[in-house]
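The structure appears right after this line, and notes come after that.
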Amino acid sequence: MNILLLEDDLILSAELSKFLESNHFTCDRIYDGETFLRQIKSSSYDLYLLDINVPKVNGLDVCQTIRSFDKNTPIIIISAYGDISDKKDAFTRLADDYLVKPFQFEELLLRMNSLLRRKSPVDNIDLDIIRIDDLIINKTEQKVFRAGNEIALTLKEFQLLVYLAEAQGRTVSKQQITENVWEHNFNTNTNTVEVYINFLRKKIDKEYKVKLIHTRSGFGYYLNPL
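Numbers 1 to 226, taken from full-length UniProt numbering, label the letters of the sequence shown in order.
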């Protein structure tokens with residue numbers, strides 16, 4: 001499990017990171033909210049730990065920004081602010097839990113494990129949200145995000161992306177795509193599928209180091225981080 005920690009107290013950050021790593025987590029440490037928001041656009045994490053009073057962008061604003069494109073990844077606020085108004089503000093911004101400093105690391109671990117158990121072990125099992133690496137597909141709202149950036153797709157591009165994502169890494173043939181996305185509304189001998197795959201690649205993959213849409217020569221296409 002990969003954890004991203006926002007904490008500007010260098011000693012606490014180091015101690016907490018060491019504790020988490022001793023319990024089989026990986027933990028990246030960030031010391032200000034602006035850098036934290038940049039980091040989540042380049043890497044994928046299973047849980048966020050956010051202090052509130054940090055430089056540049058405070059933890060509550062970071063929480064709200066995350067929730068604008070990611071409704072699923074657990075967020076725990078760790079803060080010296082213990083008033084009910086502070087907690088209310090955090091939960092209003094859709095934090096999952098709130099722990100007041102000083103706290104026992106073991107208690108934090110219990111809360112983290114509880115949230116992670118509730119989170120589906122395979123993100124794309126969720127009926128409304130599909131998550132593959134840093135790609136998030138919101139089927140209900142028909143929105144797509146890559147590394148936190150919203151990507152505008154046409155309806156047919158969106159339907160094709162969802163079909164590839166729901167295959168969960170399996171290769172789907174051109175005929176399967178035409179049957180399920182276009183419903184035989186064009187001749188399978190045309191290059192329409194290839195054209196739309198290229199459209200998706202330009203929008204989903206072109207600007208990113210990790211490519212998600214792949215061709216298996218002679219068989220079809222699949223969506224998976226490599």
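Think of the CB as a built atom: it goes at the ideal place given N, C-alpha and C, for glycine as much as any other residue. Quantities reported herein were computed from a predicted structural model and do not represent experimental measurements.
Which two residues bound the contiguous beta strand (DSSP E) that contains Glu141? Premise fails: Glu141 is in no beta strand (DSSP E) and is neither H nor E.
Could you tell me how far apart the beta carbons of Ile75 and Tyr45 are, in whole angstroms, since I believe they sit closer than 8 Å? Wrong, their Cβ atoms sit about 10 Å apart, outside the cutoff.
In the DSSP assignment, what residue or residues form a beta bridge with Glu150? Phe145
Below 8 Å between beta carbons: does that hold for Tyr109 and Ile78? The displayed chain sequence assigns Leu, not Tyr, to residue 109. For Leu109 and Ile78, no; Cβs fall outside 8 Å.
CB-CB length for Ile129 against Asn138, believed under 8 Å: 6 Å
Do the CB positions of Arg118 and Arg93 come within less than 8 Å of each other? no
For Asn198, which of helix, strand or coil comes out of DSSP? helix
Give me the residue from Thr65, Glu21, Glu15 and Leu10 with the minimum Cα distance to Phe36. Thr65
Beta-bridge pairing of Ser79 - partner residues as DSSP gives them: Val100
Helix or strand or just coil, what does DSSP make of Leu20? helix
With a threshold of 8 Å on Cβ separation, who are the neighbours of Arg111 within its own chain once the five nearest residues in sequence on each side are excluded? Ile76, Asp97 and Leu99
C-alpha gap between Ala90 and Tyr31, whole angstroms: 19 Å
Measuring only the C-alpha atoms, how far is Ser17 from Lys174? 47 Å
Just reading off the alpha helix (DSSP H) that Gly59 is part of, what are its end residues? Gly59 to Arg67
Assuming Ile3 contacts Thr26 (C-beta within less than 8 Å), just tell me the rounded distance between them. 7 Å
From the DSSP output, in three-state form, read off Leu94 for me. coil
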